[in-house]
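Novice: Dropping a structure here in structure tokens format, bear with me for questions.
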Amino acid sequence: GVEKQLAPDSTGQSPWVSRFALTLTENLYDNGKSWNRYEIGKLKQELSQLKVEQEREAVALEVAEAYYDYSLAVSLLQNVKEYEAILQAQHNLAESQYQQGLKQRKDFLRFRGQLQRANINRLDLERSLAAALRKISGLIGEKAPTNVSVKHFVVDLTLRFENLGKVDGGRS
């Protein structure tokens, strides 16, 4: 047997030897540009977080105001209904006394006018009550609760917004 030997190439290196070189360059100092970009990014993130919190609080305030308007309309409607019932009783009494000749026509007409004004007030309050319910339903995206107290509603709303913060990754 003849052994074959590999001959070195023109540089005098054996063909089994290889060389590899890798050079990385990085600017160690860029006059603070990368630090400024980092700080600006951090401030933008804080600003967006504050905007989210501000919007969340604005929605909560708007819903609470709408619910207080609803609550006020409910209370006023109840008072107007009671007042209307009293006026109806007075009107019926004045009408019967007028028909018997015991009351003058102006007394009867005065009670009739007061009763009609109370009826108009009741209808206006019923419309504002329905509008308040529509507003609440539009704001919360579901049917508005009508049988809870204002305190319960505000606590429920606060819990919903706290849970909303947990849903979006806890970034509240």
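If you count the sequence shown from 1, position 63 lands on 51 in this note's numbering, and the numbers rise without skipping.
We put the beta carbon where it would ideally sit given N, CA and C, even for glycine.
These figures come from a predicted structure and were not determined experimentally.
Give the straight-line distance between the Cα atoms of Phe8 and Leu38, rounded to the nearest whole angstrom.
Specialist: Spanning the two alpha carbons is a distance of roughly 52 Å.
Novice: Quick check: what's the CA-CA separation for Ala82 versus Gln92?
Specialist: If you take the alpha carbons of Ala82 and Gln92, they lie about 9 Å apart.
Novice: Is any heavy atom in the ligand MN found nearer than 6 Å to the beta carbon of Gln33?
Specialist: Questions concerning the ligand MN fall outside what the structure shown contains, since it holds no ligand whatsoever.
Novice: How would you call Ala118, buried or exposed, if buried means at least 16 neighbouring beta carbons within 10 angstroms?
Specialist: Looking at its Cβ environment, which holds fewer than 16 other Cβ atoms inside 10 Å, Ala118 is exposed.
Novice: Do Leu113 and Asp60 count as a contact pair if the criterion is CB distance below 7 Å?
Specialist: According to the sequence displayed, residue 60 carries Leu and not Asp. Not closer than 7 Å, so no.
Novice: Could you pull the start and end residues of the alpha helix (DSSP H) that Asp112 belongs to?
Specialist: Unbroken alpha helix (DSSP H) run through Asp112: 93 to 128.
Novice: Mapping the DSSP letters down to three states, classify Leu60 as helix, strand or coil.
Specialist: It is helical.
Novice: Is the beta carbon of Tyr56 less than 7 Å from the beta carbon of Ile124?
Specialist: Taking 7 Å as the Cβ cut-off, Tyr56 and Ile124 do not qualify as a contacting pair.
Novice: So for Gly(-11), helix, strand or coil by DSSP?
Specialist: Note that Gly(-11) has pLDDT 46, beneath the 50 cutoff, so the model's placement of it is unreliable and the number below is only indicative. Coil, per DSSP.
Novice: What is the DSSP secondary structure of Ala54, reduced to helix, strand or coil?
Specialist: Three-state result, Ala54: helix.
Novice: Going by alpha carbons, who is nearest to Asp95 out of Glu34, Arg115, His79?
Specialist: Closest by alpha carbon: His79.
Novice: Less than 7 Å between the C-beta atoms of Arg110 and Val68, yes or no?
Specialist: Against a cut-off of 7 Å, the Cβ pair of Val68 and Arg110 comes out as a contact.
Novice: Counting only beta-carbon atoms, is Val62 nearer than 7 Å to chain C?
Specialist: Of the protein chains in this structure there is only one, and it is not chain C.
Novice: Going by C-alpha distance, which of Gln76, Ser116, Leu10 is nearest Ala106?
Specialist: Nearest C-alpha to Ala106: Gln76.
Novice: Short of 7 Å in beta carbon distance, which residues of its chain neighbour Ile128, apart from the five on each side in sequence? Order them along the chain.
Specialist: For Ile128, where only same-chain residues beyond five positions count, the Cβ hits under 7 Å are Val51.
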